[in-house]
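Asker: Using my numbering, the letters of the sequence shown map in sequence onto residues 134 to 321. Glycine included, C-beta positions come from ideal geometry on N, C-alpha and C. Input: one structure, supplied below.
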Amino acid sequence: MSIKSDRWIRRMAHEQGMIEPFESDQVRDVDGRRVISYGTSSYGYDVRCSDQFKVFTNIHSATVDPKAFDEKSFVDLQSDVCVIPPNSFALASTVEYFRIPRSVLTICLGKSTYARCGIIVNVTPLEPEWEGHVTLEFSNTTTLPARIYANEGVAQMLFFESDEICETSYADRGGKYQGQRGVTLPKA
134 MSIKSDRWIR RMAHEQGMIE PFESDQVRDV DGRRVISYGT SSYGYDVRCS DQFKVFTNIH
194 SATVDPKAFD EKSFVDLQSD VCVIPPNSFA LASTVEYFRI PRSVLTICLG KSTYARCGII
254 VNVTPLEPEW EGHVTLEFSN TTTLPARIYA NEGVAQMLFF ESDEICETSY ADRGGKYQGQ
314 RGVTLPKA
């Protein structure tokens, strides 16, 4: 298994639609405004989050249960900025839609810009032949409110290609998050 370079990422995005929309270079400036970088990096791809957020709140004193998640535990927000309360979290989805090749495993890691502020992005794999918008979880580990910026870089995807094709892919198993669009809550 080997990590894939910027050249491979560009080729797969153009030839197989692996990432849409796709930025072939690292973007740090939009219309003269400095942004947290996104796009192709040396050995990965920095994704953006959309402007649709679900911010966790405990106004109903619910119990967090991945088998029976109560949607009322979130406040929906559409904005260029999401403020996450102290010691809480928010969900968003990537702007980019992914189509992972059968021989590739993709790992999502948080960007250091956010990590240095106490904002952690959940590490998650994108399995072979999974496709969709990635649902991202941002944990605010601080005792202060924390900001996330829509349409700017929030996490990096690393692509690992195997020497052989997997026997059973995510698509073969009919994975429950296949083809998800936007923020997707837990499914039992």
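Hey, quick one: how far does the alpha helix (DSSP H) through residue 245 stretch, first residue to last?
Answerer: First-last of the alpha helix (DSSP H) with residue 245: 245-248.
Asker: Taking only the alpha-carbon atoms, compute the straight-line gap between residue 297 and residue 260 and give it to the nearest angstrom.
Answerer: Cα-Cα distance, rounded: 14 angstroms.
Asker: Of the residues 187, 172 and 219, which one's Cα is nearest the Cα of residue 277?
Answerer: Out of 187, 172 and 219, 219 has the C-alpha closest to the C-alpha of residue 277.
Asker: Is the beta carbon of residue 211 sitting closer than 9 angstroms to the one on residue 184?
Answerer: Cβ distance < 9 angstroms, so residue 211 and residue 184 count as in contact.
Asker: According to the Cβ coordinates, are residue 135 and residue 294 closer than 9 angstroms?
Answerer: It is a contact, given that the beta carbons lie within the stated cut-off.
Asker: Write down the C-beta distance between residue 201 and residue 321 rounded to the nearest angstrom, noting that I regard them as a contact closer than 8 angstroms.
Answerer: Going by Cβ atoms, the distance from residue 201 to residue 321 rounds to 7 angstroms, so yes, they are a contact pair.
Asker: Can you tell me whether residue 151 is helix, strand or coil according to DSSP?
Answerer: Residue 151 falls in the coil class under three-state DSSP.
Asker: According to the neighbour-count rule (16 or more other Cβ atoms, all chains shown, within 10 Å of its Cβ), is residue 318 buried or exposed?
Answerer: So residue 318 ends up on the exposed side.
Asker: Can you tell me where the beta strand (DSSP E) with residue 171 in it begins and where it stops?
Answerer: That run of the beta strand (DSSP E) goes 166-174.
Asker: By Cβ distance below 6 angstroms, which residues in the same chain neighbour residue 153 in space, the five residues on each side in sequence not counted?
Answerer: Within the same chain, residue 153 has close Cβ partners 230.
Asker: For the beta strand (DSSP E) that contains residue 288, what are its first and last residues?
Answerer: Run containing residue 288: 286-294, per the beta strand (DSSP E) assignment.
Asker: If you count every other CB in all the chains shown that lies within 10 Å of the CB of residue 206, and 16 or more means buried, which is it?
Answerer: Classification of residue 206: buried, given that the 10 Å Cβ count is 16 or more.
Asker: What does residue 257 pair with, by DSSP beta-bridge criteria?
Answerer: According to DSSP, which records beta bridges pairwise, residue 257 is partnered with 241.
Asker: Beta-carbon within less than 8 angstroms of residue 253's beta-carbon, same chain only, minus the 5 sequence neighbours each way: which residues are those?
Answerer: If we look at residue 253 and ignore the five residues flanking it on each side, its Cβ neighbours are 243, 247, 271, 272 and 274.
Asker: For residue 239, count the other beta carbons within 10 Å of its own beta carbon; 16 or more makes it buried, fewer makes it exposed. Which is it?
Answerer: With 16 or more other Cβ atoms within 10 Å, it is buried.
Asker: Between the Cα of residue 290 and those of 233, 213 and 197, spot the shortest distance and give me the residue it belongs to.
Answerer: Measuring from the Cα of residue 290, the nearest candidate turns out to be 233.
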